[in-house]
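Everything on this sheet refers to the single structure shown next.
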Amino acid sequence: MLNFFRKLQLKKLLKDEFKNKALRQYFIEKFQIDVGMYSYGCFDSNRIAKGTKIGRYCSIANTAVIFNGNHGLSFLTLHPYAYNPALGFVHEETIVRSKCVVEDDVWLGHNAIITPSVTNIGRGAVVAAGAVVTKNVPAYAVVAGNPAKVIKYRFNAELIEAIDQTQWWLKDDVELKKIIDSTPELLFSPATYFNLKD
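For the sequence shown, the residue numbers in our numbering are 1111 to 1308.
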């Protein structure tokens, strides 16, 4: 019955997952998953590993997964009995858990898999649908494939520097809307706005 009430509480909190501070606090306290404001798609402890930190304005597909540990490949058995103390066979966890930081404005596409060897996905990066990420992803990189490789960057270095100087991701949604209303070029065509080559 308690589980039913928890699910009901979570369903209520998820109604405004972009801006709900109580939902974010719940995930920090219950699952040690820290989600920045306006990020969505990441409020699922079965897909997002404990210890993960997700920045602001991230778009996480509801089938993307972030793992923080592997089975013990050198152990006699790959079964969780060998590493999960909750199952009563070992007294403490016997595998190393990693922590992944997903910086601001990252997009993880459908069925993207972030493996435990990844500790950072840079600001503005895109992880394509179905990608299996085994290495850290640079800021503004677009990665795809298995294993994922950088296929391009969203912007050139000069434009990235100009965008980073705006620190737009630190704005709340009201401030961001004002910026967009007054200078739509910044949102839709940063190269035009900054008078730089794309």
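In this text, a Cβ means the ideal position worked out from N, Cα and C, and glycines have one as well.
Best match in the options for proximity to residue i [C-alpha to C-alpha]
| i | options | result |
| --- | --- | --- |
| I1170 | A1196, P1195, G1146, A1272 | G1146 |
| S1183 | T1162, Y1193, A1174, K1245 | The residue you asked about is not Ser; residue 1183 is Leu in the sequence shown. When each option's Cα is compared against that of L1183, the closest is Y1193. |
| L1269 | D1283, S1299, S1292, K1259 | S1299 |
| S1149 | C1210, N1230, L1218 | L1218 |
| N1156 | D1126, V1200, A1174, Y1167 | A1174 |
| V1216 | N1130, T1225, V1236 | V1236 |
| T1276 | I1289, V1284, F1265, N1266 | I1289 |
| A1241 | E1202, I1176, S1208, E1285 | I1176 |
| G1255 | A1249, Q1142, T1244 | T1244 |
| A1258 | N1221, P1195, A1267 | N1221 |
| D1274 | L1296, E1285, K1287, D1283 | L1296 |
Exposed unless 16 or more other CB atoms sit within 10 angstroms - verdict on residue i
| i | result |
| --- | --- |
| G1198 | exposed |
| T1302 | exposed |
| G1165 | buried |
| A1132 | exposed |
| V1206 | exposed |
| Y1191 | exposed |
| G1234 | buried |
| A1239 | exposed |
| F1128 | exposed |
| T1162 | buried |
| A1251 | buried |
| F1185 | exposed |
Any non-hydrogen atom of the ligand PLP within 7 Å of residue i CB
| i | result |
| --- | --- |
| E1202 | Summarising the ligand content, the structure contains no ligands, and the ligand PLP is consequently not present. |
Straight-line gap, residue i to residue j (C-alpha atoms, nearest Å)
| i | j | result |
| --- | --- | --- |
| I1138 | W1279 | 21 Å |
| V1247 | K1160 | 20 Å |
| V1253 | D1308 | 19 Å |
| L1306 | A1272 | 9 Å |
| V1228 | R1134 | 23 Å |
| T1293 | K1281 | 15 Å |
| V1330 | K1125 | Shown here, the chain extends from 1111 to 1308; a query on residue 1330 therefore has no answer. |
| V1212 | I1231 | 5 Å |
| N1180 | I1224 | 12 Å |
| K1140 | D1154 | 11 Å |
Supposed close pair residue i, residue j - CB separation, criterion 8 Å
| i | j | result |
| --- | --- | --- |
| N1172 | G1151 | 5 Å |
| Y1263 | D1214 | Y1263 to D1214, Cβ: 16 Å. No contact. |
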